[in-house]
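Participant:
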Amino acid sequence: MLTSLYFVLHAHSTYTPDELRRPLSGQADAEKINRIFKKENIDYVISSPYKRAVQTVEGVIDFTGKEVIIENGFKERILSEVPVENFDLAITKVWEEPAFAWEGGESNIIAQKRGVEATLKVLEKYEGKNIVVGTHGNILVLIMNYFDKKYGFSFWKELNMPDIY
Numbered sequence: 104m105l106t107s108l109y110f111v112l113h114a115h116s117t118y119t120p121d122e123l124r125r126p127l128s129g130q131a132d133a134e135k136i137n138r139i140f141k142k143e144n145i146d147y148v149i150s151s152p153y154k155r156a157v158q159t160v161e162g163v164i165d166f167t168g169k170e171v172i173i174e175n176g177f178k179e180r181i182l183s184e185v186p187v188e189n190f191d192l193a194i195t196k197v198w199e200e201p202a203f204a205w206e207g208g209e210s211n212i213i214a215q216k217r218g219v220e221a222t223l224k225v226l227e228k229y230e231g232k233n234i235v236v237g238t239h240g241n242i243l244v245l246i247m248n249y250f251d252k253k254y255g256f257s258f259w260k261e262l263n264m265p266d267i268y
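Note that this note's numbering has the sequence shown beginning at 104, numbered continuously upward.
(1) Determine whether the beta carbon atoms of residue 235 and residue 157 lie at a separation below 8 Å.
(2) Within this structure, are the beta carbons of residue 176 and residue 221 separated by less than 8 Å?
(3) Using DSSP bridges, identify the partner residues of residue 250.
(4) For residue 159 and residue 111, which I take to be in contact (beta-carbon distance under 8 Å), what is that distance rounded to the nearest angstrom?
(5) According to DSSP, is residue 106 helix, strand or coil?
(6) Does DSSP put residue 146 in a helix, a strand or coil?
(7) Residue 236 bridges to which residues according to DSSP?
(8) If I'm right that residue 259 touches residue 240 with Cβ under 8 Å, what's the distance once you round it to whole angstroms?
(9) By how many angstroms is the C-alpha of residue 144 removed from the C-alpha of residue 229?
(10) Residue 266 bridges to which residues according to DSSP?
(11) Report back the beta-carbon spacing between residue 265 and residue 133 to the nearest angstrom; my notes put them in contact at under 8 Å.
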């Protein structure tokens with residue numbers, strides 16, 4: 104029985120240091136995503152606990168009649184415990200050295216393990232279903248990279264928000 108996972112990279116959000124509750128600013132884009140899924144016979148909607156991910160996919164529940172299921176494994180990777188001075192340098196380093204982690208952050212290896220475990224859990228629990236998963240760019244590409252190495256840092260840099268994979 105075929106299981107289909109539709110990973111949705113969240114729409115744009117206005118930056119705030121509060122990662123968990125940062126709201127969506129790209130509401131019109133989220134509505135476009137939701138219209139696409141209207142034709143797909145979605146059974147379940149699962150999301151990172153972050154507000155911007157939930158808000159991007161929550162319109163899909165109008166077609167499923169079910170609530171969004173929160174899965175912590177799909178939250179964005181923790182780059183550092185505190186804001187980094189140079190984001191580009193910080194993110195490049197963790198991709199160049201997969202075992203490296205900034206203080207209080209997750210290495211690519213650790214973040215990927217978390218994301219893949221969440222993915223495998225969903226595949227097992229919802230076998231044969233069509234599932235939308237609301238998530239974030241870095242963790243999404245780390246999950247994709249586990250299954251196919253062509254998805255890496257260069258791919259991540261070219262992501263569009265929102266998008267479906």
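Here a beta-carbon is modelled for each residue, glycine too, at the ideal position from N, C-alpha and C.
Values in this document were obtained by computation on a predicted structure and should not be read as measured data.
Facilitator: The answer reads as follows:
(1) Between residue 235 and residue 157, the C-beta gap is not smaller than 8 Å, which leaves the two residues out of contact.
(2) The criterion of a C-beta distance shorter than 8 Å is satisfied by residue 176 and residue 221.
(3) Beta bridge pairing from DSSP links residue 250 with no other residue.
(4) Sure, about 6 Å apart at Cβ, within 8 Å.
(5) In this structure, residue 106 counts as coil in the three-state DSSP scheme.
(6) Three-state DSSP puts residue 146 in coil, outside helix and strand.
(7) Checking the DSSP bridge columns, you'll see residue 236 partnered with 110 and 149.
(8) About 6 Å separates the two Cβ atoms, so the contact holds.
(9) Going by the C-alpha atoms only, they are around 14 Å apart.
(10) Residue pairing by DSSP places residue 266 opposite 112 in a beta bridge.
(11) Residue 133 and residue 265 do touch by the CB rule: their CB atoms are close to 6 Å apart, below 8 Å.
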